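Engineer:
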Amino acid sequence: MFNFILNKQYRNLNQFKNTLQNIDKIHKTIKNYSDLKLKQQTLILKTMFQNGQTLDEILPEAFATVKEATIRALDLTMFDVQLIGGIVLHQGKIAEMQTGEGKTIVALLPGYLNALTNKSIHIITVNDYLAKRDSEYADKVYSYLDITVGLIQQTMLPSNRKIQYNADITYVTNSELGFDYLRDNMAIEKNDIVQRPFNFAIVDEVDSILIDEARTPLIISGPCEAPKDKYKKSTEISYQLKKNLHYEIDEKTKNITLNEEGIRLCESILQTNNLYNINNPWTQYILNSLKAKELFNKNQHYIIKDNEIIIVDEFTGRIMEGRRWSDGLHQAIESKEELNIQNENQTLASITYQNLFLLYKKLSGMTGTAKTEETELDKIYKLEVIKVPTNKPCCRKDLPDLVYKNEYNKWQAIANECYDMNQQGRPVLVGTTSIEKSEFLAQLLNEYKIPYNLLNARPENVARESEIISQAGRKYAITISTNMAGRGTDIILGGNPQSMTRLTLTNYISNTNNTSQQIEPQIKSILEKLNIQKIPNSISNKELITYIYNEINNHNKNTNIKEIYAQILSIYTTRCQKEKKEIQALGGLHVIGSERHESRRIDNQLRGRAGRQGDPGSSRFFLSLQDNLLRIFGGDKISQLMHTLKIDEDTPIESLILSKSLDSAQKKVEAYFYDVRKQLFDYDEVINTQRKAIYAERKRILNSYFTRDCILEYGESSIDEIVDMYSKENLITNQKMIINQVTKLLNITKDLDTTYIEQMHAEQVKIFLYEQLRINYDLRENYLEQLRPGLIRQLEKYYLLQQIDKGWQEHLEKMNLLRDSIGWRSYGQQDPLVEYKNEAFNLFINMVTYIRQTVVYLTMRSRLIVNTEKIS
Numbered sequence: 001m002f003n004f005i006l007n008k009q010y011r012n013l014n015q016f017k018n019t020l021q022n023i024d025k026i027h028k029t030i031k032n033y034s035d036l037k038l039k040q041q042t043l044i045l046k047t048m049f050q051n052g053q054t055l056d057e058i059l060p061e062a063f064a065t066v067k068e069a070t071i072r073a074l075d076l077t078m079f080d081v082q083l084i085g086g087i088v089l090h091q092g093k094i095a096e097m098q099t100g101e102g103k104t105i106v107a108l109l110p111g112y113l114n115a116l117t118n119k120s121i122h123i124i125t126v127n128d129y130l131a132k133r134d135s136e137y138a139d140k141v142y143s144y145l146d147i148t149v150g151l152i153q154q155t156m157l158p159s160n161r162k163i164q165y166n167a168d169i170t171y172v173t174n175s176e177l178g179f180d181y182l183r184d185n186m187a188i189e190k191n192d193i194v195q196r197p198f199n200f201a202i203v204d205e206v207d208s209i210l211i212d213e214a215r216t217p218l219i220i221s222g223p224c225e226a227p228k229d230k231y232k233k234s235t236e237i238s239y240q241l242k243k244n245l246h247y248e249i250d251e252k253t254k255n256i257t258l259n260e261e262g263i264r265l266c267e268s269i270l271q272t273n274n275l276y277n278i279n280n281p282w283t284q285y286i287l288n289s290l291k292a293k294e295l296f297n298k299n300q301h302y303i304i305k306d307n308e309i310i311i312v313d314e315f316t317g318r319i320m321e322g323r324r325w326s327d328g329l330h331q332a333i334e335s336k337e338e339l340n341i342q343n344e345n346q347t348l349a350s351i352t353y354q355n356l357f358l359l360y361k362k363l364s365g366m367t368g369t370a371k372t373e374e375t376e377l378d379k380i381y382k383l384e385v386i387k388v389p390t391n392k393p394c395c396r397k398d399l400p401d402l403v404y405k406n407e408y409n410k411w412q413a414i415a416n417e418c419y420d421m422n423q424q425g426r427p428v429l430v431g432t433t434s435i436e437k438s439e440f441l442a443q444l445l446n447e448y449k450i451p452y453n454l455l456n457a458r459p460e461n462v463a464r465e466s467e468i469i470s471q472a473g474r475k476y477a478i479t480i481s482t483n484m485a486g487r488g489t490d491i492i493l494g495g496n497p498q499s500m501t502r503l504t505l506t507n508y509i510s511n512t513n514n515t516s517q518q519i520e521p522q523i524k525s526i527l528e529k530l531n532i533q534k535i536p537n538s539i540s541n542k543e544l545i546t547y548i549y550n551e552i553n554n555h556n557k558n559t560n561i562k563e564i565y566a567q568i569l570s571i572y573t574t575r576c577q578k579e580k581k582e583i584q585a586l587g588g589l590h591v592i593g594s595e596r597h598e599s600r601r602i603d604n605q606l607r608g609r610a611g612r613q614g615d616p617g618s619s620r621f622f623l624s625l626q627d628n629l630l631r632i633f634g635g636d637k638i639s640q641l642m643h644t645l646k647i648d649e650d651t652p653i654e655s656l657i658l659s660k661s662l663d664s665a666q667k668k669v670e671a672y673f674y675d676v677r678k679q680l681f682d683y684d685e686v687i688n689t690q691r692k693a694i695y696a697e698r699k700r701i702l703n704s705y706f707t708r709d710c711i712l713e714y715g716e717s718s719i720d721e722i723v724d725m726y727s728k729e730n731l732i733t734n735q736k737m738i739i740n741q742v743t744k745l746l747n748i749t750k751d752l753d754t755t756y757i758e759q760m761h762a763e764q765v766k767i768f769l770y771e772q773l774r775i776n777y778d779l780r781e782n783y784l785e786q787l788r789p790g791l792i793r794q795l796e797k798y799y800l801l802q803q804i805d806k807g808w809q810e811h812l813e814k815m816n817l818l819r820d821s822i823g824w825r826s827y828g829q830q831d832p833l834v835e836y837k838n839e840a841f842n843l844f845i846n847m848v849t850y851i852r853q854t855v856v857y858l859t860m861r862s863r864l865i866v867n868t869e870k871i872s
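Following the UniProt record's numbering, the numbering of the sequence shown begins with 1 at its first residue and continues without gaps.
1. Relative to the C-alpha of residue 433, which candidate in 738, 812, 610, 606 has its C-alpha closest?
2. Which residues in the same chain as residue 115 place their Cβ atom closer than 7 Å to its Cβ, once the five residues preceding and following it in sequence are excluded?
3. Considering only the beta carbon of each residue, do residue 186 and residue 349 sit closer than 8 Å?
4. Would residue 480 pass as a contact of residue 438 if the rule is Cβ separation under 8 Å?
5. Mapping DSSP to helix, strand and coil, what is residue 397?
6. Hey, quick one: how far does the beta strand (DSSP E) through residue 200 stretch, first residue to last?
7. Count the other CB atoms, across all protein chains shown, that sit within 10 Å of the CB of residue 521; report buried if there are 16 or more and exposed otherwise.
8. Taking the beta carbon of residue 242 as the centre, do at least 16 other beta carbons fall within 10 Å, making it buried, or is it exposed?
9. Near residue 198, what residues of its chain come up, given a Cβ to Cβ distance below 6 Å and the 5 sequence neighbours on each side ignored?
10. In whole angstroms, what is the alpha-carbon distance linking residue 107 and residue 672?
11. List the DSSP bridge partners of residue 234.
12. To the nearest angstrom, how far is it from the Cα of residue 603 to the Cα of residue 526?
13. Assign residue 620 to one of three DSSP states: helix, strand, or coil.
14. With 16 other CB atoms within 10 Å as the buried threshold, where does residue 785 fall?
15. To the nearest angstrom, how far is the alpha carbon of residue 305 from that of residue 228?
16. Are the segment 26 to 45 and the segment 56 to 75 in contact at 8 Å, needing three or more beta carbon pairs?
17. Return the Cβ separation of residue 694 and residue 417 in integer angstroms, given the expectation that the two are a contact with Cβ distance under 8 Å.
18. Please identify the residue among 142, 478, 666 whose C-alpha is closest to the C-alpha of residue 590.
19. Mapping the DSSP letters down to three states, classify residue 221 as helix, strand or coil.
20. In whole angstroms, give me the CA-to-CA distance for residue 274 and residue 675.
21. Have a look at 19, 76, 83, 86 and flag the residue whose alpha-carbon is nearest the alpha-carbon of residue 57.
22. Taking the straight line between their C-alpha atoms, what separation do you get for residue 486 and residue 609?
23. Which residues bound the alpha helix (DSSP H) around residue 115?
24. At which residue ranges does the segment 736 to 803 contain complete alpha helix (DSSP H) runs of 4 or more residues, listed in the order of the chain?
25. Opposite residue 122 in the DSSP bridges: which residues?
26. Within 10 Å of its beta-carbon, does residue 238 have 16 or more other beta-carbons around it, so buried, or fewer, so exposed?
27. Using the three-state DSSP reduction, which class does residue 186 fall into: helix, strand or coil?
28. Under a Cβ-count criterion, where at least 16 other Cβ atoms within 10 Å of its own Cβ denotes burial, should residue 600 be classed as buried or exposed?
29. On the three-state DSSP scale, how would you describe residue 18?
30. Reducing DSSP to helix, strand and coil, say where residue 392 ends up.
31. Cutting at 6 Å between CB atoms, please list the residues of its own chain near residue 404, excluding the five before and the five after it.
32. What's the C-alpha gap between residue 373 and residue 92?
33. Return the Cβ separation of residue 714 and residue 852 in integer angstroms, given the expectation that the two are a contact with Cβ distance under 8 Å.
34. Less than 8 Å between C-beta atoms, sequence neighbours within five positions excluded: which residues of the same chain meet that for residue 815?
35. Does the Cβ of residue 256 have 16 or more other Cβ atoms within 10 Å, making it buried, or fewer, making it exposed?
36. With distances taken from CA atoms, which of 136, 131, 52, 16 is nearest residue 82?
Rendered as structure tokens:
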């Protein structure tokens, strides 16, 4: 019990000691329960909650229940540190737990406890693969506890999404969660809403989602026409412009600015006297073309697949199907690559991750690397980071960085390191920053004739991800990977016997007619007992994996596949355990970093692949003076020093001062990107208040059964605004114009007697116009009800939602333009953010006025047109 040393950084964990003792005490009783009695625990705990006990009071019994279910479902006994992690998550904090400490299992504890409230519980991961994998683990455990598990995947239909969100606990990716939220707030019918109100979320890899992903907002867009020839012309111009002569690149901020010379040349080519003409703007097109040329590289930031530009996520290395860069950047890259230029998109709805996750009543998260960003997590999300100790001490050796003069020598040294490790039999993981660089190293290893596995964003490699990772810890294994292997995947020394067994079964069944398949005799003799005839015909490989998984995990019956799986698993488990001991004796997994990243966290994630659960391991970064980070932050000085000392190109520098300067450079980049995210948050906070008001109004209308009151309320508000204008106006001609405006709005066919109105004071005018509104509306309602009963209610809801959506979309466009231009006001000694807030408020008031008046105007003129041609 409490079997770890509480040093200074873990001293505050003493508070959990009593809770851990209670959990252990209760578990000794629960472990004797039958499966049926264990399942009944959920109902007992829900009743306790409904009878007034708090979740904190129920926690020890709930955690002990999950602990027992995990033993029965997964044959895993939770460590004390995992129970501490679960308590931290339940408290709405971030649990920093190292790789291999079982974060997937930890999430089951607070997930179950909070599901007892019958409110929505979301466990959020970074990609579909991890969401599916984690939900499958959860489903095994929760099936013992009568708790339903939902899973949201990118390709799911809305009807299925609704079912999954209605489950007790739902596994979903951050992007799908955000897009579903936006789509729900664009729904036309109440039944189209798929999500329940946000209650509690556990964010896996919380730093990746709340920090890295938070730079770019989630946007739902629709096509809008934009002149495609402008993109092509801008691409041509971009190749005539010369770097440093016509434009400057700020690599630290990843920004491009045209100088005076560049502006003159562009205006000369385009034969215009103003590049910034608001009626015929060219600047944005040219800047996007320059960004496409200088800052966005093929096989690093994007790949070309089926003649389309597919974005590569810079943090995970995975491709992002269906996602496009906004503001014309995607079209500029399509033009650069000479592909078909698709229509530019208009923003229909958007939200930042910061404001999305702040919608939850309680938010928590877990990661291996959060301490470096705890200030930002506290300031923006009010999340405290609690460092949870490892179950066993970390034995990994992080070796000093080696810095080479040029990039080629660095890659040669990495290839040599791979060769040396391979000769010893140690498994190696090489982390690279782009597809191009991962493939370059692969070519070098081909020359050495060393076998390796390549894992990057190319579709053929993505398909083999689980296979590659399951065997990355085996003897002699060399795995070259982009950041994909840095998240959510444990590399087990000796190999993962479960994954290897499932893979063997899948390959054998899908290749039964392939006589060339090589299978060792011992495994083949077991596989031949497989009753393939009972497996459904014409099943795809993806469906086959799911089918095998379900057969293996069927608690209720013994199947042929289940028996075969158990036999092969036994063989692989024995082999893997033997191999693990051999690898541990050699020194464990060796991790090689090929470049320092912008953030220390991403470097730490890569290092964290080695040394899981007390295993030995080592890591080393190989750098060159041509690497981005070194080049931007003082690489010239180091280069001069190497030249002065006459250091050979093949000889690396190993210096403590250099390592410290790299850490300092990373801190500067982290601070810059924090400012970017903070500014994004501050500006979106303005629109977030407006978004909440608009979405609340939409929800009120969707849930309303009698929308007549909404229309009359809109009408009265419009009358109030117009009468206030009337009472402030002194000119009679202007007063008449205002009266005409009211008559048009309320569809009053008779001219109002202005002399009669002039004798009234403002309140009397309002009351008079309210009466006119109700009289005219009653007439319109009676007319439509006689023609088709219920039609007026449908029309009311349609006009309300249609005009709110239209007004909001136009407002978003204006807000984007405002934000792009507001920065110039700083030159007039004005705070751009304050100015933005003032302008945004005025734009919002104008939008609300427009929506109200348009809805009233349209409803007052509603008519039913009968198509006489169809009547015979």
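Glycine is no exception: its CB is placed at the ideal position from the N, C-alpha and C atoms.
From a predicted model like this one, the values you see are computed outputs, not experimental measurements.
Structural biologist: In this structure, then:
1. Here the closest residue by C-alpha is 606.
2. The answer, listed in chain order, is 121, 147, 168, 169.
3. A contact, by the Cβ cut-off of 8 Å.
4. Yes, these two residues count as a Cβ contact at 8 Å.
5. Secondary structure of residue 397 (DSSP, three-state): strand.
6. Boundaries of the beta strand (DSSP E) harbouring residue 200: 200 to 204, taken from the DSSP string.
7. By the 10 Å Cβ count, residue 521 comes out exposed.
8. Within 10 angstroms of the beta-carbon of residue 242 lie fewer than 16 other beta-carbons, which makes it exposed.
9. Sequence-distant partners of residue 198 (beyond 5 residues in either direction) whose C-beta falls short of 6 Å from its own C-beta, in its chain, are 359, 360.
10. Near 32 Å, if we compare the C-alpha coordinates of residue 672 and residue 107.
11. Answer is none; residue 234 lacks a bridge partner.
12. Between the alpha carbons of residue 603 and residue 526 lies a distance of about 43 Å.
13. Of the three classes helix, strand and coil, the one that applies to residue 620 here is strand, per DSSP.
14. Residue 785 should be labelled exposed.
15. One C-alpha to the other measures close to 21 Å.
16. With a cut-off of 8 Å, the segment 56 to 75 and the segment 26 to 45 count as touching, because enough Cβ pairs lie within range.
17. About 57 Å separates the two Cβ atoms, so there is no contact after all.
18. Answer by Cα proximity: 478.
19. DSSP places residue 221 in the strand class (E or B) of the three-state scheme.
20. C-alpha separation (whole angstroms): 33 Å.
21. The residue with the shortest Cα to Cα distance from residue 57 is 19.
22. Residue confidence for residue 486 is low, a pLDDT of 45 falling below 50, so the modelled location carries little weight; the figure read from the coordinates is stated next. Using only the alpha carbons, I get a separation of about 7 Å.
23. Membership of residue 115 in the alpha helix (DSSP H) is indicated by the continuous run 108 to 115.
24. As far as the segment 736 to 803 is concerned, its whole alpha helix (DSSP H) runs of at least 4 residues are 754 to 758, 762 to 787.
25. Per DSSP, the beta bridge partners of residue 122 are 170, 201.
26. Buried, since its Cβ has 16 or more Cβ neighbours within 10 Å.
27. In the structure shown, the three-state DSSP call for residue 186 is coil.
28. Classification of residue 600: buried, given that the 10 Å Cβ count is 16 or more.
29. Residue 18: helix per DSSP, three-state reduction.
30. Assignment of residue 392 by DSSP, reduced to helix, strand and coil, places it in the coil class.
31. Listed in chain order, the non-local C-beta contacts of residue 404 below 6 Å within the same chain comprise 410, 624, 652, local neighbours out to five positions each way being set aside.
32. Whole-angstrom Cα-Cα distance: 17 Å.
33. Residue 714 to residue 852, Cβ: 4 Å. Contact.
34. 687, 840, 843, listed in sequence order.
35. With 16 or more other Cβ atoms within 10 Å, it is buried.
36. Of the listed residues, the one whose Cα sits closest to residue 82 is 16.
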